[in-house]
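Here the sequence shown stands for residues 2 to 266, numbered as in the working numbering.
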Amino acid sequence: MVVTAFLYNAFGIPLRSSYPYQTESNLIYWLIADYISDAIYFLDMLLIKPRLRFVRGGLLVKDIKETAKHYVDSNDFKLDLISLIPFDIMYIWTGPIAAWRVLRVCKLPSFWQLFSLLDNSVSNPYIVRITKTFSYMIYLIHCNSCVYYMLSAWQAFGQIAYRMNNKWYLNKWVYNNQGNAYIRCFYFTTAVATSTGNNPAPTNVVEYIYMTFSWMMGVFQYRKTVDQVLSECKRLGLSKNTINRVRDWFIYTWQKQKTLGSVEK
């Protein structure tokens with residue numbers, strides 16, 4: 002439940018801060034979900050974390066006073082406390098701006114702890130590690146799509162013309178406010194991060210910076226995935242020749258399927 006509450010905040014805060022999905026008609030439902038997640042955070046900090054056992058000197062410590070002290074002295078407690086700072090009170094002066102809840106993502110260690118627990122519990126932790134990496138990729142693309150939508154809105158969804166070679170053009174790089182905003186922006190940012198397809202060329206400095214960051218993000222995620230695959234190969238005791246063949250297969254896939262290169266016309 003704690004991880005579910007964290008994911009709600011991690012995905013919901015940037016979504017509501019950029020896309021027009023928080024309206025006066027549905028605000029009450031967002032607020033109910035917000036404070037349910039806050040209650041889960043609070044109960045976790047008050048009832049669950051202080052009772053978690055730990056190992057000291059090779060022995061399992063079970064005494065609740067010791068476990069509570071260990072939790073209070075840890076960085077997890079500090080982050081849990083920060084994650085519950087009620088900046089929501091700013092709603093009184095600014096209105097219900099979801100960005101005030103950004104500190105809720107400080108609950109990230111609970112997300113890591115879940116995957117650490119799964120990694121140590123299942124017989125094949127490789128699937129857990131790939132899922133963790135994939136979740137990072139999805140989240141980065143999600144946040145990137147929120148930035149892309151804000152850039153599009155800032156430029157009037159392509160209705161502001163720009164001049165090039167003494168001619169005026171409408172900006173086709175931005176989202177044109179047609180169709181489902183989230184799906185189209187998510188698709189565009191996925192295509193940019195993986196460099197698949199012939200994406201519209203940027204038209205100004207801000208768009209070039211955005212595209213450069215997106216490509217770097219895609220390369221970083223791809224590299225992380227490759228490293229995990231090679232690490233698993235070593236764990237399985239595969240020969241160096243087999244590992245090199247796996248690496249060559251990744252390179253071949255990049256070159257032939259254009260995973261990180263633009264598709265040629």
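Idealized CB from N, CA, C, for every residue including glycine.
Rounded C-alpha distance that separates residue i from residue j
i	j	result
VAL206	ASP39	40 Å
PRO21	ALA182	9 Å
ASN267	PHE135	No statement about residue 267 is possible, as the shown extent of the chain runs from 2 to 266 and does not include it.
TYR223	LEU109	22 Å
ASP81	LYS66	19 Å
ILE210	GLY58	51 Å
VAL123	GLN114	14 Å
ARG185	VAL148	13 Å
GLN179	MET217	28 Å
ASN242	ASP249	10 Å
ALA154	LYS63	55 Å
Nearest-angstrom Cβ-Cβ length linking residue i and residue j, presumed shorter than 8 Å
i	j	result
VAL129	PHE116	6 Å
ASN145	THR190	4 Å
ILE41	ALA6	4 Å
Bridge partners - residue i, DSSP secondary structure assignment
i	result
VAL335	An answer regarding residue 335 cannot be provided, because it is not within the stretch 2 to 266 covered by the chain.
ARG57	LEU60
Coarse secondary structure for residue i, derived from DSSP in three states
i	result
LEU85	coil
VAL206	helix
ILE139	helix
GLU265	Summary for GLU265: the model assigns pLDDT 42, below 50, so the residue's position carries little reliability; its value from the coordinates is reported in the next sentence. In the structure shown, GLU265 sits in coil (DSSP, three-state: anything other than H, G, I, E or B).
GLN114	helix
GLY13	helix
THR24	coil
ILE98	coil
LYS259	With a pLDDT of 48 at LYS259, under the threshold of 50, the modelled position of that residue is not reliable, and no figure is offered here.
ASP74	coil
TYR188	helix
PRO51	helix
GLN222	helix
TRP174	coil
(request) Report yes or no: do the stretch 90-106 and the stretch 10-26 share at least 3 C-beta pairs separated by less than 8 Å? (result) A contact exists between the stretch 90-106 and the stretch 10-26.
(request) Evaluate contact between the stretch 72-88 and the stretch 41-53, counting only Cβ atoms and requiring at least three cross-stretch pairs below 8 Å. (result) The answer is yes - the stretch 41-53 touches the stretch 72-88, with three or more Cβ pairs under 8 Å.
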